[in-house]
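J.: Per the working numbering, the very first residue in the sequence shown carries number 1; after that it's consecutive.
Backbone N, C-alpha and C define an ideal beta-carbon position, used for all residues, glycine too.
Note that the coordinates shown come from a computational prediction; the quantities given were computed from them, not determined experimentally.
Take a look at the following structure, please.
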Amino acid sequence: MTSSAFDIQFDYLISPIWIAVLAGLALLLLTLSLWRFKKILLLRIGCVALFLLALANPSLLEEVRTPAKDVVVIVKDQSPSQSFAERTERSEAALTHLKESLSRYETLDVRIIEAPAQDTLANETLLFDALRSALSDVPPARRGGVIFISDGQIHDVPHALQNADEFGPIHLLLSGTHDEKDRQITILEAPSYGLIGQSVTLRYKIEDTDNINETQATVTISNPDAPPETFSVPTGTELTLDLPVTHAGQNVFEISVNGIDNEITEINNKAALIVNGVRDRLKVLLVSGKPHAGGRTWRDLLTADPGVDLVHFTILREPDKMDATPQNELSLIAFPFRELFEIKLYDFDLIIFDRYQLNRILPENYFNNIVRYVEQGGALLEASGPAFAGNDSLYYTNLMQILPGAPTGDIIQTSYRPARTENGNTHPVTKNLLWSTSADGEQAWGHWLRQVDITPQSGDVLMTGVQNKPLLILDRVQEGRVAQIASDQIWLWSRGYDGGGPHAELLKRIVHWLMKEPELDEKALSIQVDGRKISLSLQDYNAPAREVTMTKPDGQTAAIVLSPAEGKLLSATINADQLGIYEFQTQDKQKRYAAVGELSPPELTGIKTTEAPMHPILESTGGGALWLVDTPQPRIRYLENGKNFAGRDWIALRKNNNFTVSRLKKTSIFSPLLTVLMLVGFSVLLWWRESRKN
């Protein structure tokens, strides 16, 4: 449907300034003529006006106009909070009604957007970003209005519009009910890290909607390492709670509050958090045998770290061995065996035996204590010297139960270069263990000169020496860990012999692996969270695939299959569909956790239906809010002017009467020939009149 509009346009033959000058001169002459003859000379006026009009060259401009459609946007909220109660059903019914009602208006272009996008896990409801994107190609003059279908909990509402007409009238159709009840737990402050053996403080608050008349709530705190605790707390008050950090890595806690009758949802009645445990100080017991050149390497490494508390004892001689040195000149002390290996054994995080050989000092029950210490979660490192191959070997004690390598009785005295095994190339302790490179680009570690021949009984062989014989073995013993180095020659690397080697980095990694640092755990399930994507990876040397059990925040479980990937890794990627803590348990009962979203996301901290966040912008644009439970099918009006675009059961859109010009036609009012004939005619008529008067 088109229409036409007409306008007068001037295409001046000479500059408008000169036309104005000529008009002024003509007016002056006509005024003199009037003063002289005392009468109006209409013919002269007409002749002058015609002349000036001809110089202005007027044209008739015709515009053929095509009406431009007004753009109306329906924004359907599909955030997680819209799934509660019957909000989704009401929203779908309202959308169907709006489509049918607006289809009657031919001059409306209706755009429907659903936000937030389904491919993102929404921590908050951002609808205005999606709205601006949908209207980016529409000028403000064509915007007829916006209709939101939502629970009103929109988190990117502009505080003020630069122009009240930026979107047209904005309306809100509320999907919930008036009497909704909700109780929620809000995490105000939660530390991400804590010292092992100490507690961190959690700040939280229990909040009820106004229509809940309860002043107390029951809170339960639970974690996998301890039985749950339940206690009563006041509502509406900021509270604190001490959480114990018991071990390195992830310490997972879930805090929940009891629900109430007819609560809209209990999804925000609980919150989970992960506190990563870090060690304040590492307590190490280093027991050395005969003094040797490598002893200083251990001491220098451990004392260089300010986070290490080192207790170092060297057994120089047995108590009953005769020594001619006068007693008052001896600086030695009696070795506190009972204190170290019985009373305070469990105070140490790591025990190191460096070239230790059996003597008549340590009774067998002390070695039994060390075995139990390791089995219950302790760590042991044995650096073998020549004595390990003889009759005085530590292996011939109860430590035989936990040491991964058994001596063959041979000591190999030859030059060799330590090398990584196939497993060592991918194990976190030894992979990427760089030092320097030779001319051909291969790894160039310095040579060692001695190795104790051992036979691996258990564990993973990561490094080999002479004829590929085991040099470094790591093993797990129940809850604890054991490492064994079949040589006392690592000190050659520290002295730079034959180019040296990465002695400090290797020993640090071994110690941290023994301390169960997750970054160095070859069997640890590695988890990375990016938005809603959770990436799982697990290093396994033998299995073609592994299955992991996933537990979602709502308690649902699912089996995730990890498939082979590069670098002997098994991996899988999943898309999270819920906010909260996901638990992943491997077949060997190892548990890891992933936190998706924020601790107290805006999407779940306020889920009661309300128009409060939108009220200022509704008022400034003349729009209104209707409850779908009261008005499931609001009437639609299309108004040309007005301040109020909403009523008790209706909403209105703005009619802008915009158009596009499809064709222009310009017609000259005075053709050149007509202009000449009219000027000549007026001139002749004027001459004839003047001649008759004379």
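With 16 as the cutoff for other CB atoms within 10 Å, does ILE17 come out buried or exposed?
T.: Along the sequence shown, read from residue 1 onward, the residue named residue 17 stands at position 17. The residue in question, ILE17, is exposed, as its Cβ has fewer than 16 Cβ neighbours within 10 Å.
J.: Contact check, ASP392 vs LEU358 under 8 Å by CB: the rounded distance?
T.: On the sequence shown, position 392 is the one that residue 392 refers to. On the sequence shown, position 358 is the one that residue 358 refers to. The pair is a contact, with the Cβ atoms about 4 Å apart (cut-off 8 Å).
J.: What does a CB cutoff of less than 6 Å around ALA594 pick up in its chain, not counting 5 residues either side in sequence?
T.: By one-based count along the sequence shown, residue 594 stands at place 594. Taken in chain order, the residues that qualify are ILE527, VAL529, ILE534, TYR582.
J.: Following the continuous alpha helix (DSSP H) through LEU95, name the residue where it begins and the one where it ends.
T.: One-based indexing of the sequence shown puts residue 95 at position 95. That run of the alpha helix (DSSP H) goes 87–102.
J.: If you draw a straight line from the C-alpha of SER101 to the C-alpha of ILE636, how long is it?
T.: Start at 1 with the first residue of the sequence shown, and residue 101 comes out as number 101. Start at 1 with the first residue of the sequence shown, and residue 636 comes out as number 636. Cα-Cα distance, rounded: 7 Å.
J.: If THR455 and THR414 are in contact, beta carbons under 8 Å, what's the gap, nearest whole angstrom?
T.: Translated into the one-based positions of the sequence shown, residue 455 becomes position 455. Translated into the one-based positions of the sequence shown, residue 414 becomes position 414. The Cβ separation is near 19 Å, so there is no contact.
J.: May I have the straight-line CA-CA distance separating GLN216 from ALA190, to the nearest angstrom?
T.: Translated into the one-based positions of the sequence shown, residue 216 becomes position 216. Translated into the one-based positions of the sequence shown, residue 190 becomes position 190. The alpha-carbon atoms of GLN216 and ALA190 are separated by roughly 23 Å.
J.: Classify ALA565 as helix, strand or coil using the three-state DSSP reduction.
T.: The residue labelled residue 565 in the question sits at position 565 within the sequence shown. Correct three-state label for ALA565: coil.
J.: Would you call TYR373 buried or exposed, if buried means 16 or more other Cβ atoms sit within 10 Å of its Cβ?
T.: Numbered from its first residue, the sequence shown carries residue 373 at position 373. Answer is buried; the Cβ neighbour count reaches 16.
J.: In or out: ALA387 buried (at least 16 other Cβ within 10 Å) or exposed?
T.: Taking the first residue of the sequence shown as position 1, residue 387 is located at position 387. Flag for ALA387 reads buried.
J.: Can you tell me whether PRO418 is buried or exposed? The criterion is at least 16 other CB atoms within 10 Å of its CB, across all chains shown.
T.: Here residue 418 refers to the residue found at position 418 of the sequence shown. Burial call: buried.
J.: Is it right to say THR240 is buried, meaning 16 or more other beta carbons lie within 10 angstroms of its own, or is it exposed?
T.: Taking the sequence shown and counting its residues from 1, the one referred to as residue 240 is at position 240. Exposed: under 16 other Cβ atoms inside 10 Å.
J.: According to DSSP, which residues form a beta bridge with LEU61?
T.: On the sequence shown, position 61 is the one that residue 61 refers to. DSSP lists ASP7, LYS666 as partners of LEU61.
J.: Tell me whether THR220 sits in a helix, a strand or coil according to DSSP, three-state version.
T.: Numbered from 1 along the sequence shown, position 220 holds the residue referred to as residue 220. If DSSP states are grouped into helix, strand and coil, THR220 belongs with the strands.
J.: Curious, which full-length beta strand (DSSP E) runs of at least 3 residues does the segment 405–434 contain?
T.: Counting whole runs of 3 or more residues, the segment 405–434 contains the beta strand (DSSP E) stretches 405–416.
J.: Going straight from the alpha carbon of PHE167 to that of ARG143, what length do you get?
T.: Working through the sequence shown from its first residue, we reach residue 167 at position 167. Working through the sequence shown from its first residue, we reach residue 143 at position 143. Rounded to whole angstroms, PHE167 to ARG143 spans 6 Å at the Cα level.
J.: Just confirm the distance between the C-beta atoms of LEU131 and VAL73, as a whole number of angstroms; I'd bet it's less than 8 Å.
T.: Indexing the sequence shown from 1 puts residue 131 at position 131. Indexing the sequence shown from 1 puts residue 73 at position 73. So it is a contact: roughly 6 Å between Cβ atoms.
J.: Can you list, in chain order, the residues of its chain with a C-beta nearer than 8 Å to that of LEU30? Leave out the 5 residues immediately preceding and following it.
T.: As a working mapping, residue 30 is identified with position 30 in the sequence shown. Hits under 8 Å: LEU41, ARG44, ILE45, VAL48.
J.: Decide if LEU28 is buried, meaning its Cβ has at least 16 other Cβ atoms within 10 Å, or exposed.
T.: The residue labelled residue 28 in the question sits at position 28 within the sequence shown. Its Cβ having fewer than 16 others within 10 Å, LEU28 is exposed.
J.: What does a CB cutoff of less than 6 Å around ILE147 pick up in its chain, not counting 5 residues either side in sequence?
T.: On the sequence shown, position 147 is the one that residue 147 refers to. The answer, listed in chain order, is ILE74, HIS171.
J.: What is the rounded straight-line gap between the Cα of PHE313 and the Cα of VAL252?
T.: As a position in the sequence shown, residue 313 is number 313, starting the count at 1. As a position in the sequence shown, residue 252 is number 252, starting the count at 1. Approximately 38 Å, taken between the alpha carbons.
J.: With DSSP as the reference, label SER438 as helix, strand or coil.
T.: In the sequence shown, counting from the first residue as 1, residue 438 sits at position 438. Because the pLDDT at SER438 is just 48, under 50, the model does not fix this residue reliably, and the value given afterwards should be weighed accordingly. SER438 falls in the coil class under three-state DSSP.
J.: Between LEU174 and TYR638, what straight-line distance do the alpha-carbon atoms span, to the nearest angstrom?
T.: Within the sequence shown, the letter at position 174 stands for residue 174. Within the sequence shown, the letter at position 638 stands for residue 638. Cα-Cα distance, rounded: 21 Å.
J.: Please classify VAL477 as buried or exposed, where buried requires at least 16 other C-beta atoms within 10 Å of its C-beta.
T.: Working through the sequence shown from its first residue, we reach residue 477 at position 477. Label assigned to VAL477: buried.
J.: State the Cα-Cα distance for the pair THR88 and LEU433, rounded to the nearest angstrom.
T.: If you number the sequence shown from 1, residue 88 lands on position 88. If you number the sequence shown from 1, residue 433 lands on position 433. So the two alpha carbons sit approximately 56 Å from each other.
J.: Roughly how many angstroms separate the alpha carbons of ASN425 and LYS283, rounded to a whole number?
T.: Residue numbering aside, residue 425 sits at position 425 when the sequence shown is read from its first letter. Residue numbering aside, residue 283 sits at position 283 when the sequence shown is read from its first letter. So the alpha carbons of these two residues sit roughly 30 Å apart.
J.: Give me the Cα-Cα distance between PHE10 and THR96, rounded to the nearest whole angstrom.
T.: Sequence index remark: in the sequence shown, residue 10 carries index 10 (1-based). Sequence index remark: in the sequence shown, residue 96 carries index 96 (1-based). Going from the Cα of PHE10 to the Cα of THR96 covers about 53 Å.
J.: So, does the CB of THR107 fall closer than 8 Å to a CB anywhere in chain C?
T.: Absence of chain C from the displayed structure is noted, only one protein chain being present.
J.: Here's a check: name, in chain order, each residue in its chain whose Cβ is nearer than 7 Å to the Cβ of TYR105, leaving out the five neighbours to either side.
T.: Walking along the sequence shown from the start, residue 105 turns up at place 105. Excluding positions up to five away in sequence, the list reads TYR638.
J.: Could you compute how far the alpha carbon of VAL596 sits from the alpha carbon of ASN223?
T.: Taking the first residue of the sequence shown as 1, we reach residue 596 at position 596. Taking the first residue of the sequence shown as 1, we reach residue 223 at position 223. Their backbone Cα atoms lie some 18 Å apart in a straight line.
J.: Report the partner residues of ILE472 according to the DSSP bridge assignment.
T.: Reading the sequence shown from its first residue, position 472 is the one you call residue 472. The sequence given here has Leu at residue 472, not Ile. Looking at the DSSP assignment, LEU472 forms a beta bridge with MET463, ILE485.
J.: Taking the beta strand (DSSP E) that PRO456 falls in, what are its first and last residues?
T.: The residue labelled residue 456 in the question sits at position 456 within the sequence shown. Looking at the DSSP string, the run of the beta strand (DSSP E) that includes PRO456 is 448–456.
J.: Entirely within the segment 500–538 and at least 3 residues each: give me those beta strand (DSSP E) ranges in chain order.
T.: 526–530, all fully within the segment 500–538.
J.: Based on Cα-Cα distance, which residue from ALA646, PRO80, ILE19, LEU52 lies nearest to LEU579?
T.: If you number the sequence shown from 1, residue 579 lands on position 579. For the residues ALA646, PRO80, ILE19, LEU52, the minimum Cα distance to LEU579 belongs to PRO80.
J.: For the structure I just gave you, are there three or more beta carbon pairs, one from the segment 273–289 and one from the segment 249–264, closer than 8 Å?
T.: The segment 273–289, when compared against the segment 249–264, does touch it at the 8 Å Cβ threshold.
J.: If distances are taken between C-alpha atoms only, which option among THR177, SER83, ASP77 comes closest to ASP129?
T.: Stepping through the sequence shown from its first residue, residue 129 is reached at position 129. That would be ASP77, whose Cα lies nearest to the Cα of ASP129.
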